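A.B. asks:
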Amino acid sequence: MKKTPLALLLCTLLTTGSAFAEEAPDTDSPETLIATVNGTPYKLDVFRVFFMERLQGRPTNNDPAVQQQLFDEFMNLVVASQEGDRRKLEGDRNVVAALELERMKVMSNAALSAMAEEIEPSEKELKEAYDRVKEQATRTEYKARHILLKDEAEAKKLIKQLEKGAKFDELAKKHSEGPTGKDGGDLGWFDPAQMVAPFAEAVSKLEPGSYTKEPVQTQFGWHIIELQETRKAEPPAFEDAKEQLAALVKRQKLGEKLADMRNNAMIELNEEIVRLKPEGEDAKKD
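Using UniProt numbering, you'd call the opening residue of the sequence shown number 1 and step up by one each time.
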């Protein structure tokens, strides 16, 4: 094994149980090492777990720059942990507690994943979940346009021009500071939840065809908003939503199973540390 820094560019090192394993079967063994650092061997499986955790929210693992960055981070982790061993910190009280907590998290996540795999939602459960989601998903969407300005006084001047019959889209093209100005301020269809609170509140109070009579201030500046149309949002078709519905039902069933396991667990509290309120104590205070 090389003792110099490595540039990790092969996705085969990160893939198991796939066609890659046929090309490089030695990478599929749990004993395969990724490196030996200062005489200590480190298994590829450990790096795989680290890599996938750190990859969350980053570009694809095919990006050599990302691979190199994460490999360097892993090496930092390796040498820092070796320093902790050199300082004999494994016996430190906080380190012992943190290691036990991490072990519990790993075992918990593994158990939850295994339990979730065992749950197979029925068609009836999926349809019931779909009906609940469909009911909750009923919301109004808005089609609007706006003029964004840096100055409140300027916004008020444009509102007066609108009152005199000026065209909203023409004013937006000429005066709006926002990127939609060139399109006449057109924002297309949107859910108010996508907008900052003052903007969402203002547009929800408008009637189609009307505009705000006073400028609306947000962190972006001063807005004049014109509401064009509203519509009721349609949820996705049942067949298209099946995958998400299955995940939803699994989460619900998993939550119920956990609550049942917790309620039926044999728990002996250290009453010197954990004191339970006697029943009715809150009521007596009232």
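For every residue, glycine included, the Cβ atom is placed at its ideal position computed from N, Cα and C. No experiment lies behind these values; they were computed from the predicted model shown.
(1) In chain order, what are the residue ranges of uninterrupted alpha helix (DSSP H) at least 4 long that sit wholly in the region 128-198?
(2) Look at the alpha carbon of A24 and the alpha carbon of L112, and state the distance between them as a whole number of angstroms.
(3) Do you know whose CA, among E90, P179, W222 and R231, lies nearest K143's CA?
(4) Assuming H146 contacts L187 (C-beta within less than 8 Å), just tell me the rounded distance between them.
(5) Taking just the CA atoms, how far does R103 sit from V249?
(6) Based on the DSSP output, what are the partners of A35 in its beta bridges?
(7) Let's test the definition: count the other Cβ atoms within 10 Å of the Cβ of G209 and tell me whether it reaches 16, buried, or not, exposed.
(8) Taking 8 Å as the limit between beta carbons, can you name the residues of its chain near L158, skipping five residues before and five after?
(9) Give me the Cα-Cα distance between L33 and K43, rounded to the nearest whole angstrom.
(10) By how many angstroms is the C-alpha of M261 removed from the C-alpha of G185?
(11) Can you grab the Cα-Cα spacing for the pair T4 / R86, in whole Å?
(12) Which value, in whole angstroms, describes the spacing of the CA atoms of P198 and A129?
(13) How many whole angstroms separate the CB atoms of V37 and V66, which I take to be in contact at a CB cut-off of 8 Å?
(14) Rounding to the nearest angstrom, what Cα-Cα distance links E118 and E272 in this structure?
C.D. replies: This is what the structure holds:
(1) 152-163 and 168-175
(2) Low local confidence applies: a pLDDT of 47 at A24 is under 50, so the model's placement there is unreliable, with the coordinate-based value given in what follows. Whole-angstrom Cα-Cα distance: 32 Å.
(3) R231
(4) 6 Å
(5) 28 Å
(6) Y42
(7) exposed
(8) I147, L149, A166, L171, H175 and I224
(9) 4 Å
(10) 55 Å
(11) Note that T4 scores a pLDDT of 45, beneath 50, so its modelled location is shaky; the value from the coordinates is reported in the next line. Answer to the nearest angstrom: the Cα atoms are 21 Å apart.
(12) 33 Å
(13) Not a contact, Cβ separation roughly 21 Å.
(14) 40 Å
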